[in-house]
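Q: In my numbering, the protein residues as written are 28 to 392.
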């Protein structure tokens with residue numbers, strides 16, 4: 028349940044736990060395993076123990092595949108995980124409830140909540156500049172469908188309509204709603220409107236903790252979050268190496284962009300560049316790079332894709348790291364939506380470990 032009072036839908040699965048019922052996926056003392064004479068509509072059934080198919084996957088692949096984990100070939104210290112729980116104000120919780128109530132669907136509402144937890148809200152506005160309308164290919168006209176007998180019944184597409192309805196439709200041309208029939212439309216500009224967020228103060232604390240090494244990694248799931256993180260780092264006297272869908276960019280500690288800079292060499296030059304923060308989206312900067320100069324990786328927020336989270340953690344936890352300093356992974360949790368995403372990532376990681384034969388690790392959450 029979220030701070031706003033809304034609830035996430037529960038995902039039922041039982042192929043990874045033999046204690047669950049093979050019929051409904053619930054445990055033996057849950058679900059419809061006990062007959063209730065006062066409930067004539069109850070879907071009662073006898074409890075049947077299921078099979079942990081995920082755990083058997085590793086056994087079935089023996090002889091066909093060899094699994095080698097990083098810990099089997101490298102002697103590295105264990106990762107240290109730390110979760111920082113940050114209190115949400117009552118006004119922020121009220122705003123979260125309002126946004127979820129006005130959301131057109133659940134996915135949009137959850138996305139808005141994650142943005143709010145990160146300290147901003149995306150808003151679209153029209154610019155003064157126009158460009159050819161892509162919706163109508165600059166013709167100002169689009170083809171739609173309508174009922175032959177009732178022209179008020181119109182459809183933009185007929186792909187999902189049943190055959191009986193299709194027989195009553197006719198194609199017609201109408202004015203494009205995107206450009207109002209002009210063939211050119213104003214450009215939409217998305218802006219991030221920032222609001223006070225305790226993650227900002229916590230990041231300043233972690234930046235101070237990393238001043239001795241002069242390196243830190245900070246990941247976030249939104250462009251608006253990355254821009255805010257970069258600004259905080261610059262205000263604290265840190266140079267910034269940004270990596271997201273817009274490419275690689277390097278800024279000195281005064282906020283000036285360094286053109287034609289070799290980002291990796293700039294990061295590794297500890298003498299001339301004393302404090303550098305790597306600020307990235309997990310899907311852009313979470314792969315391939317070796318950034319062992321840092322001892323701390325901060326997740327301002329996460330994406331829903333577990334493979335990028337796992338890879339992002341390993342940018343510092345790899346061969347060449349300082350084994351005395353170790354590797355610390357920090358998660359910021361503001362609204363409950365942050366924790367829900369982390370729980371989802373942990374569950375996916377647990378299933379992954381089960382398929383690799385890591386039974387003990389796979390059972391630990």
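Even glycine gets a Cβ: it sits at the ideal position worked out from N, Cα and C.
From residue 81 to residue 373, what does the alpha carbon distance come to, in whole angstroms?
A: Whole-angstrom Cα-Cα distance: 16 Å.
Q: So does the stretch 147 to 164 actually touch the stretch 206 to 219, counting three or more Cβ pairs closer than 8 Å?
A: yes
Q: Are the beta-carbon atoms of residue 103 and residue 344 separated by less than 8 Å?
A: yes
Q: Would you kindly work out how many angstroms separate the C-alpha atoms of residue 144 and residue 116, rounded to a whole number?
A: 11 Å
Q: Just verifying my parser: in three-state terms, what is the DSSP assignment at residue 159?
A: strand
Q: Which partner residues does residue 325 have in the DSSP bridge list?
A: 245 and 357
Q: Using CA atoms only, rank isn't needed, just tell me which of 131, 243 and 255 is closest to residue 219.
A: Ranking 131, 243 and 255 by Cα distance to residue 219 puts 255 first.
Q: Decide yes or no for the touch test of the stretch 254 to 270 against the stretch 353 to 363: beta carbon pairs closer than 8 Å, at least 3 of them.
A: no
Q: Is the beta carbon of residue 340 sitting closer than 8 Å to the one on residue 107?
A: no
Q: Under the rule that 16 or more other beta-carbon atoms within 10 Å means buried, what is residue 92, buried or exposed?
A: exposed
Q: Please report how far the alpha carbon of residue 388 lies from the alpha carbon of residue 377, in whole angstroms.
A: Because residue 388 sits at a pLDDT of 46, beneath the cut-off of 50, its placement in the model cannot be relied upon, and the point is left open.
Q: With distances taken from CA atoms, which of 334, 72, 258 and 201 is nearest residue 173?
A: 201
Q: Residue 82 lies in the alpha helix (DSSP H); which residues open and close that run?
A: Element bounds for residue 82: 80 to 87.
Q: Run the CB neighbour count on residue 281, radius 10 Å, all protein chains shown included, and call it buried at 16 or more, exposed below.
A: Here residue 281 is exposed. Its C-beta has fewer than 16 other C-beta atoms within 10 Å.
Q: With DSSP collapsed to three states, give me the class of residue 214.
A: For residue 214, the three-state secondary structure derived from DSSP is strand.
Q: Please classify residue 148: does DSSP put it in a helix, a strand, or coil?
A: strand
Q: With residue 383 and residue 94 assumed to form a contact (beta carbons below 8 Å), what rounded beta-carbon distance in angstroms separates them?
A: 5 Å
Q: With a threshold of 16 other CB atoms inside 10 Å of the CB of residue 137, please say whether the residue is buried or exposed.
A: Residue environment: residue 137 is assigned as buried (16 or more neighbouring CB atoms within 10 Å of its CB, all protein chains considered).
Q: Give every residue of the same chain whose Cβ lies closer than 7 Å to the Cβ of residue 50, excluding the five residues on either side of it in the sequence, and list them in chain order.
A: 72 and 75
Q: Using a Cβ-Cβ cut-off of 6 Å (strictly less than) and excluding sequence neighbours within five positions of residue 60, which residues of its own chain qualify?
A: 74
Q: Can you tell me whether residue 135 is buried or exposed, with buried defined as 16 or more other CB within 10 angstroms of its CB?
A: exposed
Q: Using 10 angstroms around the beta-carbon of residue 252, count the other beta-carbons present and answer buried if the total reaches 16, otherwise exposed.
A: buried
Q: By the DSSP assignment, the alpha helix (DSSP H) with residue 348 in it spans what residues?
A: From DSSP, residue 348 is part of no alpha helix (DSSP H); its letter is neither H nor E.
Q: Under the assumption that residue 266 contacts residue 303 (Cβ atoms under 8 Å), give the Cβ distance between them as a whole number of angstroms.
A: 5 Å
Q: Rounded to whole angstroms, what's the CA-CA distance from residue 328 to residue 309? Just pull it up for me.
A: 10 Å
Q: Quick one: using the 10 Å Cβ neighbour count with 16 as the cut-off for buried, is residue 112 buried or exposed?
A: When all chains shown are included, residue 112 counts as exposed.
Q: Who pairs with residue 282 in a beta bridge, going by DSSP?
A: Note: residue 282 sits in no beta bridge, so no partner.
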